[in-house]
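Count the sequence shown with full-length UniProt numbering and you get residues 1 to 384, in order.
Think of the CB as a built atom: it goes at the ideal place given N, C-alpha and C, for glycine as much as any other residue.
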Amino acid sequence: MTTKLNRRLRLGMVGGGPGAFIGAVHRTAARIDDRFELVAAVLSSDGEKSRAYAAELRIPRAYASFQEMADAEAKHPEPIDVVAIVTPNHMHHAIARAFLAAGIHVMCDKPLTTNLADADDLAAAVAASGLIFGVTQSYSGYPMVRQMREIVTSGGIGAVRMVQAEYAQGWLATKLEDTGAKQAAWRTDPAKSGPAGCLGDIATHAFHTACFVTGLKPKEVAADLSTFVAGRRLDDNVQAMLHFEGGAKASLWSSQIAIGEENNLNIRIYGETGALTWHQENPNYVHHAPLGEPTRLLTRGGAGVTASPAAGTRLPTGHPEGYFEAFATLYSDLAEQIAARIEGREANASSLLLPTVADGVAGVRFIEAVLKSSANSSAWTPLT
């Protein structure tokens, strides 16, 4: 017998206080498809600030610490169904552990943790708990990224030979962290960001998107990290080569000192019988070039789009959808999985594209391998 869920899912949040970029993104994305209601939060490490900002956002249950929140929600008559972790990287492991122990599903920002031992520990905790654990590798939520994945994995361009992935920004071309800019300060602080700067912040997105689209398992990496801005404590430029199992190769470049670039994530996939190209700054289109035929323009919501990308499409063609909607698709995937569990049924197939704790572990493994390779004269370093 199934039980029909007749309410919004109750969402909690840790992090995302005043001046935080990603917290507002999560809050907006979770509301777009009307599947969640934000009812509990710890929005600052300062208890008074947390309560004051929660009141401003009309969040009814505010807490002074994540442990207090986890303990209280576990005993609440209407507890949160899932918690969103939107803090700086160094807090992810402890917060996720506390809510898993409380029996609460988790949605965590990337990178999953600041080291592989903690990432593996979280994966083990998720397996033991049986809870749902999503990771906001946000670009996997774009409909046309999912369309590329379906084309590739169905053999639409033949066996993949080469992947070109680049993610270029220019906002850290100067030592912005010394000006009081909150987002720059924590991202360049190894105590909060972990041992990776640009590598952990955006190169992991390029890496995950390449793996997500191709369905290939990375085998080894050779990398060179640079810190171009004098006095900066973490890397601000990443160049890497990847080998995948089966023989495919990839070239990956990520930079935050590329003056003139805004948020330029580009993915190009070259197979034996065709190629695909997607640009994040114009995300509603994919160029598909079949071997020996004219290049085709595939449009979000247009002719030829398959079921999974269509599920993440909310507006007719010509009405642009972008970053908020991609994030919202991940939240809708999460909602579908939680609702299916409550209702005692199978979740729909497209919701299973939500990145999991295993994807989070793979991202941290990539970070550690790149760090090791760069420190060892760009030697090939295993990713398995």
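Buried or exposed (CB count within 10 angstroms, at least 16 for buried), residue i
i	result
Lys4	exposed
Glu56	exposed
Ala191	exposed
Thr114	buried
Thr179	exposed
Ser154	exposed
Leu315	exposed
Pro309	buried
Leu276	buried
Phe66	buried
Arg345	exposed
Gly231	exposed
Best match in the options for proximity to residue i [C-alpha to C-alpha]
i	options	result
His208	Gly23, Glu56, Val135	Val135
Ala168	Glu262, Gly274, Val39	Glu262
Ala185	Glu293, Ala20, Gly130	Ala20
Asn6	Ala379, Ile342, Leu100	Ile342
Pro195	Leu265, Asp120, Ala206, Leu371	Leu371
Trp278	Ile267, Leu225, Ala62	Ile267
Ile157	Gln280, Thr273, Glu325, Leu354	Thr273
Arg365	Leu112, Glu177, Leu265, Thr214	Leu112
Lys249	Asp71, Cys211, Tyr139, Gly363	Cys211
Lys110	Ser251, Val229, His205	His205
His76	Ser138, Ala258, Ala40	Ala40
Gln256	Val286, Leu297, Glu166	Glu166
Leu234	Ile132, Gly363, Gly130, Glu177	Glu177
Ala307	Tyr63, Arg149, Val86	Arg149
Gly360	Ala119, Asp71, Ala289	Ala119
CB of residue i within 8 Å of CB of residue j, strictly
i	j	result
His26	Ala94	no
Ala328	Phe36	no
Ile202	Ser254	yes
residue 385	Gly16	For residue 385 there is no data in the structure shown, the boundaries of the chain being 1 and 384.
Met162	Asn284	no
Val305	Leu122	no
Ser50	Ala222	no
Ala347	Ala340	yes
Leu330	Leu354	yes
Met13	Leu38	yes
Arg8	Asp34	yes
Ala258	Gly200	no
C-alpha distance - residue i paired with residue j, whole-angstrom precision
i	j	result
Ala311	Tyr142	11 Å
Asp236	Cys198	5 Å
Ala125	Gly318	44 Å
Arg10	Asp81	5 Å
Ser193	Pro88	6 Å
Gly302	Glu293	20 Å
Gly260	Pro60	43 Å
residue 388	Asp224	This structure cannot speak to residue 388, because the chain is shown only from 1 to 384.
Gly103	Tyr53	26 Å
Thr174	Tyr323	26 Å
Ser44	Met107	18 Å
Glu220	Ser226	20 Å
Thr313	Leu352	17 Å
Assigned secondary structure, residue i (DSSP; H/G/I helix, E/B strand, else coil)
i	result
Asn89	helix
Val305	coil
Pro218	strand
His287	strand
Thr381	strand
Glu48	helix
Val229	coil
Gly134	strand
Heavy atom of the ligand MG within 7 Å of residue i beta-carbon
i	result
Glu150	Among the components of this structure there are no ligands whatsoever, and the ligand MG is therefore not found.
Min CB distance residue i to chain B below 8 Å
i	result
Ala74	Given the protein chain composition of this structure (a single chain), no chain B is represented.
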